[in-house]
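Using full-length UniProt numbering, the first residue of the sequence shown is number 3, and each one after it goes up by one. Contents: one structure, followed by commentary.
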Amino acid sequence: HSRTEIHNFAAGPSPLPTSVLEEAARGLLNYGNTGMGVCELSHRGKEFKGIIEGAEGESVGVSHSTRREANLRKLLNIPSSYAVLFAQGGGTTQFSSVVLNVLAARRLQHRSDSEYTPPVLDYVVTGSWSSKAYSEAQPATTKPSSFTTLPKRDEYSFTKDAGLVYYCENETINGIEFPLDQSSPYAFPFDLVPENVPLVADYSSSFLSRPIPNLERHAIIYAGAQKNLGPSGVTVVIVRKDLLVDTAEAMKLGGVPVVPIQNEYKILADNGSLYNTPPTFPIYVSALVLEHLLSRGGLDGLRDINGEKARLLYETLDAAERDGKVRCVVREKEARSWMNVTFETVGEGKEKAFLDGAEARGFRQLKGHRSVGGIRASLYNAVTIDSVRALCEWIKAF
Ligand code: PLP
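Shown next, in the form of structure tokens:
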């Protein structure tokens with residue numbers, strides 16, 4: 003098959019723009035006419051520094067012309083009070099990194115407190131990923147839940163002096179996302195989070211799909227690259243600079259967990275994300291994707307097209323549901339994800355028939371996550387509206 007014959011609805015790693023992959027393929031063989039492939043360049047050489055600085059958008063102290071103008075700061079309008087880091091270990095490593103850095107920063111704020119007690123951590127658990135993050139931070143397991151909607155404003159109660167408030171903007175497995183419309187009763191209640199409490203968001207599966215509401219209300223926003231940004235292996239961490247703290251100093255005071263060096267944000271920030279050998283190829287491809295997104299009009303354009311893709315597919319599914327053929331997993335419409343559309347077929351043997359028919363028509367990677375089953379169509383940036391229309395036609399025909 004050629005790429006053009008296939009509609010790839012993968013949940014991640016996900017499809018990337020073909021033009022970007024073509025350029026990446028050239029760079030893999032011969033980057034910028036150096037006679038060396040991008041994976042063969044030193045991460046401390048001027049070529050790679052040009053790539054990473056161009057992606058990040060703030061000089062790390064090397065002066066030379068950067069080839070890449072595209073950058074995250076421009077796309078997301080990130081103020082200089084935040085560091086932008088390229089970390090390793092995936093989104094999963096951030097489950098602990100966010101907690102370790104926040105707790106160390108808090109300990110340093112309470113330096114002279116001889117009876118220091120660690121704070122309560124508030125987690126908004128809306129699906130599989132926030133459950134995992136919660137279980138990693140607290141010695142408890144969360145109640146299993148079917149996660150078919152979001153809480154409403156009056157269901158939240160945040161701890162006044164919590165160590166952090168954590169939420170996952172888009173639950174990739176369940177297909178639940180906080181609505182962009184801030185007037186929705188299901189919108190994340192930013193105004194209810196106590197002002198001094200660091201707000202942390204996992205944006206892994208909705209990063210760069212549309213603007214981030216209230217970016218400056220957050221202390222940390224992180225996202226694994228492998229949905230809308232690039233290949234797996236790099237995780238973007240946008241962190242407010244007051245959280246770049248010397249964790250060794252906090253550990254000396256006691257009352258905080260041990261922080262492995264790979265988890266400390268300050269080390270990464272002080273070294274321009276080059277403390278140790280970074281995943282150079284994923285960073286390179288991510289830099290190309292950022293340039294591509296900027297040249298295509300940035301996040302407002304993506305919001306419009308991604309909103310339309312989701313609207314088309316849910317409308318088709320709702321009609322098929324009325325005909326008794328399928329059932330959307332997320333019952334509350336305003337809590338439905340734009341990126342991961344989850345549904346089930348109705349009737350014995352129907353799921354296999356749906357997926358087999360889909361496969362024959364060129365649709366790929368539509369099977370739901372192994373933990374929940376069903377069907378999941380992921381509509382990341384590189385999935386075209388034509389692919390979505392084609393899928394809608396198959397649902398109607400089914
Ligand atoms: N958070 C979300 C929302 C995810 O979708 C994923 C993975 O798909 C993760 C965290 C875990 O990321 P990783 O697999 O990079 O560790």
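C-beta: ideal position from N, C-alpha, C; glycine also.
- The closest CA to that of N10, considering only A379, G47 and Y286, is found on A379.
- The residue among Y169, L368, P259 and G274 with its C-alpha nearest the C-alpha of R46 is G274.
- Taking C-alpha positions only, R313 is separated from K51 by approximately 41 Å.
- For V385, there are no CB contacts under 6 Å within the same chain when 5 residues up- and downstream are skipped.
- With the rule of 3 Cβ pairs closer than 8 Å, the segment 245 to 264 does not count as touching the segment 287 to 300.
- A Cβ-Cβ contact shorter than 7 Å links R363 with W396.
- Counting only runs of 3+ residues, the beta strand (DSSP E) found wholly inside the segment 225 to 307 occupies 237 to 242, in chain order.
- Shown here, Y169 sits in a strand according to DSSP, grouped into three states.
- With respect to F400, F356 sits close: the two C-beta atoms are nearer than 7 Å.
- Proximity to C170 across K162, E179, D163 and A164 peaks at E179, based on C-alpha coordinates.
- Non-local C-beta neighbours of P19 in its own chain, meaning closer than 6 Å and more than five positions away in sequence, comprise H294 and A384, ordered along the chain.
- Every unbroken stretch of the beta strand (DSSP E) spanning 3 or more residues and falling wholly within the segment 147 to 199 is given here in chain order: 166 to 170.
- Sequence-distant Cβ neighbours of Y277 in its own chain, meaning closer than 7 Å and more than five residues away, are I269 and L270.
- Nearest C-alpha to Y158 among S147, G165, P187 and D183: P187.
- The beta carbon of D320 is closer than 6 Å to none in its chain, skipping five residues each way along the sequence.
- Shortest gap from the CB of C170 to any heavy atom of ligand 1: under 6 Å.
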